[in-house]
Every structure is written in structure tokens, then in C-alpha cells.
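Inspection log for the structure reproduced underneath, given as C-alpha cells.
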Amino acid sequence: MPELPEVETIVRRLRKDLIGRKIESADLLWDRTLVTPKPAHFKKNIVGQSIDSVKRRAKYIVLPLSVDTLIIHLRMSGDILIRKDGEAIHKHDRLILHLSDGHYLAFSNMRKFGRVWFTPNPEDVLGKLGPEPLSDDFTAETLYKRLKNHKRQLKPLLLDQHFLAGMGNIYTDEALHLADLHPLSKSDLIRWKQAEILWRSIRKVLEEGIRQNGASIDWIYRGGDFQNYLHVYGRKDEPCFKCGTPIQKTMVGQRGTHFCPQCQKF
DNA sequence: ACGAGCGCCTGTCGGC
DNA sequence: TGCCGACAGGCGCTCG
Numbered sequence: 008m009p010e011l012p013e014v015e016t017i018v019r020r021l022r023k024d025l026i027g028r029k030i031e032s033a034d035l036l037w038d039r040t041l042v043t044p045k046p047a048h049f050k051k052n053i054v055g056q057s058i059d060s061v062k063r064r065a066k067y068i069v070l071p072l073s074v075d076t077l078i079i080h081l082r083m084s085g086d087i088l089i090r091k092d093g094e095a096i097h098k099h100d101r102l103i104l105h106l107s108d109g110h111y112l113a114f115s116n117m118r119k120f121g122r123v124w125f126t127p128n129p130e131d132v133l134g135k136l137g138p139e140p141l142s143d144d145f146t147a148e149t150l151y152k153r154l155k156n157h158k159r160q161l162k163p164l165l166l167d168q169h170f171l172a173g174m175g176n177i178y179t180d181e182a183l184h185l186a187d188l189h190p191l192s193k194s195d196l197i198r199w200k201q202a203e204i205l206w207r208s209i210r211k212v213l214e215e216g217i218r219q220n221g222a223s224i225d226w227i228y229r230g231g232d233f234q235n236y237l238h239v240y241g242r243k244d245e246p247c248f249k250c251g252t253p254i255q256k257t258m259v260g261q262r263g264t265h266f267c268p269q270c271q272k273f
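Listed below in C-alpha cells is the structure:
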């Protein structure tokens with residue numbers, strides 16, 4: 008489900024509900040959700056810690072607590088819901104945190120790919136991530152230099168969280184189309200001008216995604232509207248908005264990949 | 001270093 | 001209608 012704009016949307020909502028709340032108890036409903044520590048240690052030590060802030064790093068939700076840090080990755084099908092005490096838990100809830108204000112936090116995760124870390128050292132989890140695409144120090148020059156450091160297909164490289172942290176399948180397809188770049192183009196062959204346009208395109212699709220509160224696709228609806236602004240993703244066989252050529256769908260790095268064969272030449 | 005293939009999971013959709 | 005494979009917003013692993 009979530010890429011950077013969807014996670015940012017969730018984080019902004021959680022900020023209103025969670026800051027200052029104390030965690031009174033935790034129920035782990037699917038043990039493999041928790042990467043570290045052991046469930047018993049987790050359930051014992053999280054009790055009594057309060058939530059100091061709600062942050063995002065790439066696609067990770069980061070909750071600095073009074074002592075440790077709780078980190079959540081939603082992967083494909085995760086979401087975070089806040090419900091009132093007494094409301095029934097849902098079928099796909101994997102972790103419940105009971106809060107001090109009469110609500111509980113539910114980590115819903117149908118496909119069970121999502122993961123949670125509870126650690127005193129958040130850098131162990133987040134330390135190897137690439138640059139944050141919307142931060143001030145991610146410049147067009149930065150992107151250009153990093154592209155030149157690899158000889159890789161553009162799309163898998165943009166999806167590599169060590170290269171750039173936060174892009175996912177939808178926003179990568181959209182950014183490459185906006186920049187008129189083929190998903191299989193080799194990164195070291197990108198010219199400066201193209202890199203600058205790609206940099207601007209990445210920022211633009213992410214910012215617009217956040218402005219629209221993310222994309223709501225399939226059965227999971229969270230109120231975002233970016234699905235109405237997609238130019239290639241999910242538009243196989245429909246005309247390119249720039250040139251009218253039917254959008255093609257192929258597989259690149261085992262991911263469905265949408266592009267315009269006219270605008271995005273190899 | 002790079003890319004392909006697979007595993008992890010549950011659910012939906014399209015084709016036969 | 002029912003079955004069955006393909007596919008889904010992610011990522012870590014192995015292998016060549």
C-alpha cells in the first residue's frame with residue numbers, strides 16, 4: 008500500500024492522536040510482526056513509555072518513546088488505525104497498543120509483510136537508508152553524482168532504498184514518465200540535464216502525492232486522492248496524456264511497470 | 001556490481 | 001458457477 012506520500016499522510020494524522028499518550032499494554036497478534044526484541048521483552052518494556060513525537064524516515068514510521076524507539080514499516084498492506092476502547096479488533100490486526108486516553112492503536116497488516124522494531128538504537132534500522140528525496144540536501148547534483156556511481160537500470164535503482172529512500176512502484180513510474188525517461192535506461196548514461204529533470208520530477212510527484220493525501224487504490228481506502236492524478240500507473244492501453252500513444256505495461260525487476268513507449272525512449 | 005528468481009502472505013480479479 | 005493462475009503500493013535473500 009504505502010509509499011512515501013501515503014506514509015507521510017498517516018504520520019501527519021497520527022501526530023494529532025498520539026503525541027503525549029502513554030502506552031499501557033501491548034498485544035502481539037502475529038509474532039513475526041516484531042523483528043526485535045523477543046515478544047516477552049517487548050510487552051514488558053514498552054509499558055509506561057510515552058510517545059514523544061511521530062516522525063517519518065523514508066517509508067518508516069518512527070515513534071520516539073520516553074526511553075526506546077518504536078519503528079513501523081507497513082510494507083505492502085499495512086495501515087495504522089486508532090480506535091476507541093471497546094471497539095472490536097479487526098481480522099487483520101497484528102499488533103495492538105493500548106493508550107492512556109481511552110483509545111488503542113491497531114497495526115493492520117493483511118499480508119503480514121509489515122514489520123515493527125522496538126529498540127534503543129533506531130540507527131540500527133534506519134542507518135543505511137539513502138537520501139530523503141524531499142530534504143534540502145537532496146539536490147539535483149546529488150542525484151546526478153549518485154546515478155553516475157552505478158550502471159543500473161533506472162527503475163530498480165530508484166526503488167533501491169539504499170540509493171534513494173521512499174520511492175515505490177507508483178511514484179517511480181510516474182516520475183520516470185514525467186521526466187521522459189525509459190525505466191530500463193542505464194543510470195550512468197543519464198546526462199546532467201536529464202538528471203536535473205528527473206530530480207524535479209521525483210520531487211513533484213511526491214509533493215503532489217502528499218498534497219492529495221496519498222493514493223487510495225483497491226479495497227484499502229484512506230481518503231487520499233492521488234489515484235485521480237496518475238499519468239501511467241494503472242493506465243495500461245489508455246492514451247498517454249502527452250502524445251496519445253497507448254501506455255504499455257511490462258515487468259521490470261519483477262514489478263509491474265507502466266510507461267509511454269513514445270515519450271520514454273530506451 | 002548487477003539482475004533474475006524466489007519467498008514471505010492474503011485477497012481479488014480475469015480467463016477458461 | 002467454479003477453479004486456477006496472475007497479480008498486488010515491499011523487501012531481503014541466493015545465485016550466477
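Under this note's numbering, the first residue of the first sequence carries the number 8, and numbering increases by one thereafter. Glycine included, each C-beta is placed from N, C-alpha and C at the ideal position.
Can you give me the start and stop residues for the alpha helix (DSSP H) that GLN201 sits inside? Residue 201 sits at position 194 when you count from the first residue of the first sequence. Start and end: 199-218.
Count the other CB atoms within 10 Å of the CB of SER142; is the residue buried (16 or more) or exposed (fewer)? Walking along the first sequence from the start, residue 142 turns up at place 135. With fewer than 16 other Cβ atoms from the protein chains shown falling within 10 Å of its own Cβ, SER142 counts as exposed.
Are the beta-carbon atoms belonging to SER32 and LEU88 less than 9 Å from one another? Looking up residue 32 in the first sequence gives position 25. Looking up residue 88 in the first sequence gives position 81. It is not a contact, given that the beta carbons lie outside the stated cut-off.
Answer yes if the region 112-127 comes into contact with the region 78-94, meaning at least three C-beta pairs across the two stretches below 8 Å, and no otherwise. Taking a cut-off of 8 Å on C-beta distances, the region 78-94 touches the region 112-127, as three or more cross pairs fall below it.
Just grab the DSSP bridge partners of VAL123 for me. Locating residue 123 in the first sequence gives position 116, counting from the first residue. Answer by DSSP bridge pairing, in chain order: LEU41 and ILE79.
How about GLN255 and LYS243: are their beta carbons less than 9 Å apart? Indexing the first sequence from 1 puts residue 255 at position 248. Indexing the first sequence from 1 puts residue 243 at position 236. Taking a C-beta distance under 9 Å as the contact criterion, GLN255 and LYS243 qualify as a contact pair.
The beta strand (DSSP E) enclosing THR257, as first and last residue numbers: Within the first sequence, residue 257 is the residue found at index 250, counting from 1. Judged by DSSP secondary structure, THR257 falls within the beta strand (DSSP E) whose first and last residues are 255-259.
Would you mind giving the Cβ-Cβ distance between PHE233 and GLU215, rounded to the nearest angstrom? I have them listed as a contact below 8 Å. Working through the first sequence from its first residue, we reach residue 233 at position 226. Working through the first sequence from its first residue, we reach residue 215 at position 208. At roughly 7 Å, the Cβ-Cβ gap stays under 8 Å, so PHE233 and GLU215 are in contact.
Are the CB atoms of LYS211 and LEU185 within a distance shorter than 9 Å? Numbered from its first residue, the first sequence carries residue 185 at position 178. Numbered from its first residue, the first sequence carries residue 211 at position 204. Annotated as proximal: LEU185 and LYS211, with beta-carbon spacing under 9 Å.
Between the C-alpha atoms of GLY175 and ARG153, what's the straight-line distance to the nearest angstrom? As a position in the first sequence, residue 175 is number 168, starting the count at 1. As a position in the first sequence, residue 153 is number 146, starting the count at 1. Each residue's Cα considered, the two are about 18 Å apart.
Taking contact to mean at least 3 C-beta pairs separated by less than 8 Å, is the region 12-26 in contact with the region 218-226? Per the Cβ contact rule, the region 12-26 is in contact with the region 218-226 (3 or more Cβ pairs under 8 Å).
Taking the alpha carbon of SER60 as the point to measure from, which residue in ALA47, LYS51 and THR76 has its own alpha carbon closest? Numbered from 1 along the first sequence, position 53 holds the residue referred to as residue 60. Minimum Cα distance to SER60 is reached at THR76.
Please name the residue in ASP108, ARG20, PRO9 and PRO46 whose C-alpha comes closest to that of GLY27. Along the first sequence, read from residue 1 onward, the residue named residue 27 stands at position 20. The option with the nearest alpha carbon to GLY27 is ASP108.
If you follow the alpha helix (DSSP H) that LEU102 is part of, which residue opens it and which one closes it? Looking up residue 102 in the first sequence gives position 95. No alpha helix (DSSP H) holds LEU102; the beta strand (DSSP E) holding it covers 100-106.
Could you name the residues of the same chain whose beta carbon sits closer than 7 Å to that of HIS99, not counting the 5 residues immediately before and after it, in chain order? Here the question's residue 99 lines up with position 92 in the first sequence. Counting only Cβ-Cβ distances below 7 Å, and skipping sequence neighbours, we find SER115, ASN116 and MET117.
Taking C-alpha atoms, which residue in HIS265, THR257 and GLY231 lies nearest to CYS247? The sequence position of residue 247 within the first sequence is 240, counting from 1. For CYS247, the nearest C-alpha among the options comes from HIS265.
Do you know whose CA, among THR257, GLU94 and LEU106, lies nearest VAL54's CA? Within the first sequence, numbered from 1, the residue matching residue 54 stands at position 47. Ranked by how close their Cα comes to the Cα of VAL54, the residues THR257, GLU94 and LEU106 have LEU106 in first place.
Backbone CA spacing between GLY173 and CYS267 [nearest angstrom]: On the first sequence, position 166 is the one that residue 173 refers to. On the first sequence, position 260 is the one that residue 267 refers to. Their backbone Cα atoms lie some 23 Å apart in a straight line.
Does the beta-carbon distance from HIS157 to PHE170 come in below 9 Å? For this step, residue 157 is matched to residue 150 along the first sequence. For this step, residue 170 is matched to residue 163 along the first sequence. Taking C-beta atoms as the reference points, HIS157 and PHE170 count as a pair closer than 9 Å.
Check whether LEU72 and ILE79 have beta carbons under 9 Å apart: In the first sequence, counting from the first residue as 1, residue 72 sits at position 65. In the first sequence, counting from the first residue as 1, residue 79 sits at position 72. Taking 9 Å as the cut-off, the beta carbon of LEU72 is found no closer than this to the beta carbon of ILE79.
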